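*Asks:*
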Amino acid sequence: MSAATLGEIQRLERTRGRPGEVARDLAWWKQQAAEMCQRRWHGLGSGPYYYGYYGCPCCDYDPPEGRWGLERVLQSLSSRGRRDFAAVVKEVDVRVLGATYGGEPDTPGWWEQRI
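Adding 73 to a residue's 1-based position in the sequence shown gives its number in this note's numbering.
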């Protein structure tokens, strides 16, 4: 990912008052994807605490949003930043799409419809 895209993401995080949010969402999406690909998936409805996320939402930050958070960031970036960051997110998406079946990737929230 380019330095310009990283800078754009950092500015976005600062305006929202949530530094590191995108990295947490990406790490969470990677963890969810690994479980989906290993057939240990119990669905997104169980929440991050079920899967071992122990950050304190009242003290530190909100729990990660995973793929939904990444989608929101993609929509907020410039076209160049979006292309650059989408390539990073797509690496994980491709693994999930190859190991699961269900909702098509052009459907909003497709990752919640995959089994």
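Using N, Cα and C, we set each Cβ at its ideal position, and we do this for glycine too. Computed from a predicted structure; not experimentally measured.
1) What number of angstroms, rounded off, separates the C-alpha of Ser149 from the C-alpha of Ala76?
2) Identify, in the order they occur along the chain, each residue of the same chain with its Cβ nearer than 7 Å to the Cβ of Leu192, setting aside the five sequence neighbours on each side.
3) In this structure, how does DSSP classify Gly154 when only helix, strand and coil are distinguished?
4) List the DSSP bridge partners of Gln187.
5) Which residues bound the alpha helix (DSSP H) around Glu86?
6) CB Ile188 to CB Gly171, shorter than 7 Å?
7) For Asp157 and Thr88, which I take to be in contact (beta-carbon distance under 8 Å), what is that distance rounded to the nearest angstrom?
8) Classify Gln105 as helix, strand or coil using the three-state DSSP reduction.
9) Under three-state DSSP, which class holds Gln148?
*Replies:* The structure says:
1) 17 Å
2) Summary: the structure shown does not reach residue 192, with the chain confined to residues 74 through 188, and so no result is reported for it.
3) helix
4) The identity of residue 187 in the sequence shown is Arg, whereas the question assumes Gln. Per DSSP, Gly175.
5) 76–89
6) no
7) In fact, because the Cβ distance is near 19 Å, the residues do not count as touching under 8 Å.
8) helix
9) helix
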